[in-house]
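S.K.: First residue of the sequence shown: 283, per our numbering; consecutive thereafter.
Before I ask anything, here is the structure I am working with.
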Amino acid sequence: MYEFRHIDELLRARWSPLDQLGQADAAYEGLIAGGLSDSAARASAPHVVRCASHLATQTGPSALALASFVPGRIEVLGKHTDYAGGGSLICSVQRGISVVAVPRTDRQVSVYDVALNDSATLSLSASEPSRPGHWSDYAVAASRRLSRDFSEISRGVDIAFSSDLPRASG
283 MYEFRHIDEL
293 LRARWSPLDQ
303 LGQADAAYEG
313 LIAGGLSDSA
323 ARASAPHVVR
333 CASHLATQTG
343 PSALALASFV
353 PGRIEVLGKH
363 TDYAGGGSLI
373 CSVQRGISVV
383 AVPRTDRQVS
393 VYDVALNDSA
403 TLSLSASEPS
413 RPGHWSDYAV
423 AASRRLSRDF
433 SEISRGVDIA
443 FSSDLPRASG
């Protein structure tokens, strides 16, 4: 079953200055507090640090940011059925995607892939044009959906992400 969180819970999340998130010890401790094992936190902390360091050069080191880790998953049974209403048997792994985000005051969304050293800028708009074949098309689809389903969202975000999952692993 999916875990849903109310937006108020997300807004109460722990915000940290980018210069703090850019410190390996702080990133490691946050990952441990989030439930990763010692070895997984040590492997993922450099990803958080790189994300925070990139955003610090864009917004300044004192900007408040939210860091998150999204675990990878293994689909044991039911591949491609979960989002179509079917059952699925999955398990999480302690490798995944590290994300650091800083809110903006406009409706722009800037997404930076640390591994590829590539970025994309788009607007939080239901009519944002797609970018077939480019990784940022996932961000475009999310932007469209958020804009369409939550029209009260008035602020964009700067996002940096990095992953220790194998490329094209799903």
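Yeah, the Cβ is synthetic: ideal placement off N, Cα and C, and Gly gets one too.
So, is C333 buried or exposed, given that buried needs 16 or more other C-beta atoms within 10 angstroms?
M.R.: buried
S.K.: Beta strand (DSSP E) containing T341: first to last residue?
M.R.: Careful: T341 lies outside any beta strand (DSSP E), inside the alpha helix (DSSP H) at 320-341.
S.K.: What is the C-beta distance between S392 and I441, in whole angstroms, given that I count them as a contact (C-beta under 8 Å)?
M.R.: 7 Å
S.K.: Shortest alpha-carbon distance to L348 belongs to which of H362, G354, V331?
M.R.: V331
S.K.: Quick one: give me the first and last residue of the beta strand (DSSP E) that A383 is part of.
M.R.: 371-385
S.K.: So, does the stretch 411-424 touch the stretch 393-401, judging by three or more C-beta pairs under 8 Å?
M.R.: yes
S.K.: From which residue to which residue does the beta strand (DSSP E) around Y394 run?
M.R.: Segment 390-395, the beta strand (DSSP E) holding Y394.
S.K.: Quick test of the definition: if touching needs 3 or more C-beta pairs under 8 Å, does the stretch 303-320 touch the stretch 357-372?
M.R.: no
S.K.: I'd like the list of long-range same chain contacts for R386, defined as Cβ closer than 7 Å, with 5 residues on each side in sequence excluded.
M.R.: R437, G438, V439, D440
S.K.: As a quick exercise: from R296, Q302, R427, pick the residue whose alpha carbon is nearest that of A408.
M.R.: Taking only the C-alpha atoms, the option nearest A408 is R427.
S.K.: On the CB-based measure, 16 or more other CB atoms within 10 Å of its CB, does Y365 come out buried or exposed?
M.R.: exposed
S.K.: Which value, in whole angstroms, describes the spacing of the CA atoms of Y284 and R355?
M.R.: Model confidence at Y284 stands at a pLDDT of 39, short of 50, so the residue's coordinates are unreliable; what they give is reported in the following sentence. Their backbone Cα atoms lie some 13 Å apart in a straight line.
S.K.: Work out the CA separation of A424 and R324 for me, nearest whole Å.
M.R.: Rounded to the nearest whole angstrom, the C-alpha separation of R324 and A424 is 30 Å.
S.K.: May I ask you to report which of helix, strand or coil DSSP gives E285?
M.R.: Because E285 carries a pLDDT of 45, less than 50, the predicted location of this residue cannot be relied on, and no value is offered for it.
S.K.: Closest to V396 by C-alpha separation, out of P343, P411, V382, would be which residue?
M.R.: Measuring from the Cα of V396, the nearest candidate turns out to be V382.
S.K.: To which residues of the same chain is Y394 closer than 6 Å at the C-beta, ignoring the five residues directly before and after it?
M.R.: H336, S401, A442
S.K.: May I have the straight-line CA-CA distance separating H329 from F432, to the nearest angstrom?
M.R.: Cα to Cα, H329 sits roughly 30 Å from F432.
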